[in-house]
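Everything in the sequence shown is counted per the numbering used here, starting at 1 for the first residue and increasing by one. Even for Gly, the Cβ is constructed at its ideal location relative to N, Cα and C. Just so it is clear, the structure is predicted and the values come from calculations on it, not from any experiment. Scroll down for the structure; my scribbles are underneath it.
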Amino acid sequence: MDTTPDPPAATYSHGHHASVLRSHRWRTAENSAAHLLPHLRPGLRLLDVGSGAGTITADLAALLAPGEVVGLDSAAAAVEATTALAAERGLPNLRAVQGSAYDLAAAGGGFDVVHAHQVLQHLADPVVALRAMAAACGPDGLVAVRDADYAAMTWYPEDAGLSRWLELYRAVARANGGEPVAGRRMAGWARDAGLRTVSASASVWCFATPEDLGWWSTTWAERLTASAFGRQGVELGLTDAGELDRLAAAWRAWGQRDGAWFAVLHGDLLARP
């Protein structure tokens, strides 16, 4: 009998408010998994760990058809969203299951590719999760992960409200058991998990047009005052409702400033068991 203790639980800092889901539905394979795309071809089997809203998963399923794609998420709402999106897009090769990033048995095994986007940052033990991803691979399988680095986000013009927002986010994420500065650490985590790095690189989301800036700033303003992130910050004693309102106003005002620009750095990793 396996007596290895389960990794400590971590709380998902974002929650599933409409503002969060709107942000997640913006993600595509092109803007969020570009480091993986050259390694894909029709017929491969892929497991997407932490599939969330399912938009990246569905894009990958379209690229790999008729190869099987499985989206796994711990939240029932995410499984339902991915299942609905598969039906909407006519993707019979895509199915969604509920399960833990530490135990991928619900999805099966022998996958050619095991992928996770912005998952490791929310886990108390990303090394254990990477070992599980490696174990779900078949012979010569590929593990592909991408994660944000909240210490390397940058913007212009400088704004004290946004600086405080970033400080608060990192404090909440760490209090919840995660590691928001994940992007730069993935190669080390993969080494500790016994994986062989194929490629370690970086990529960015950049918001620079008025439309993109308006969307990005409004999303974060809403997340501060209406999502689990803001509520958790209050419950943890890290902020209060008044500050959350001020930070939301700062985001909205900053998003309207001339010449505004925001970049989100990600670490990209490809590795093999």
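What did DSSP end up calling residue i once you bin it into helix, strand or coil?
i: A61; result: helix
i: R146; result: strand
i: W155; result: strand
i: S32; result: helix
i: L40; result: coil
i: D258; result: coil
i: P139; result: strand
i: A253; result: helix
i: A129; result: helix
i: T239; result: coil
i: R27; result: coil
i: A221; result: helix
i: L120; result: helix
i: A248; result: helix
i: A134; result: helix
Hey, quick one: how far does the beta strand (DSSP E) through residue i stretch, first residue to last?
i: L269; result: 261-272
i: V113; result: 111-117
In the DSSP assignment, what residue or residues form a beta bridge with residue i?
i: A96; result: G71
i: D48; result: G71, H115
i: D103; result: S100
So the alpha helix (DSSP H) residue i belongs to, where does it begin and stop?
i: L85; result: 76-89
i: R231; result: 228-235
Within 8 Å (strictly less), CB to CB, does residue i reach chain B?
i: E235; result: Within the model displayed, chain B is absent; a lone protein chain is all it includes.
At 4 residues or longer, and completely inside the segment 155-219: list those alpha helix (DSSP H) runs for me, N to C. 160-175, 186-192
Determine, using beta-carbon pairs with one atom in the segment 93-102 and one in the segment 50-59, whether at least three such pairs fall under 8 Å. yes
Any 3 or more C-beta pairs closer than 8 Å across the segment 133-145 and the segment 104-111: yes
Are at least three pairs of beta-carbons, each pair with one atom in the segment 227-245 and one in the segment 128-135, less than 8 Å apart? no
Taking three-plus beta-carbon pairs below 8 Å as touching, is the segment 62-70 in contact with the segment 39-48? yes
Counting beta carbon pairs with one atom in the segment 168-178 and one in the segment 236-245, are three or more of them shorter than 8 Å? yes
Below 8 Å, how does it come out for the segment 180-199 and the segment 119-130: are there three or more Cβ pairs, yes or no? yes
Is the segment 239-258 in contact with the segment 176-184, if contact means three or more CB pairs nearer than 8 Å? no
Contact between the segment 114-124 and the segment 210-228 (3+ Cβ pairs under 8 Å): no
Given 8 Å, three or more beta-carbon pairs between the segment 22-42 and the segment 198-213: yes
Hey, is the segment 153-166 in contact with the segment 252-268, meaning 3+ C-beta pairs nearer than 8 Å? yes
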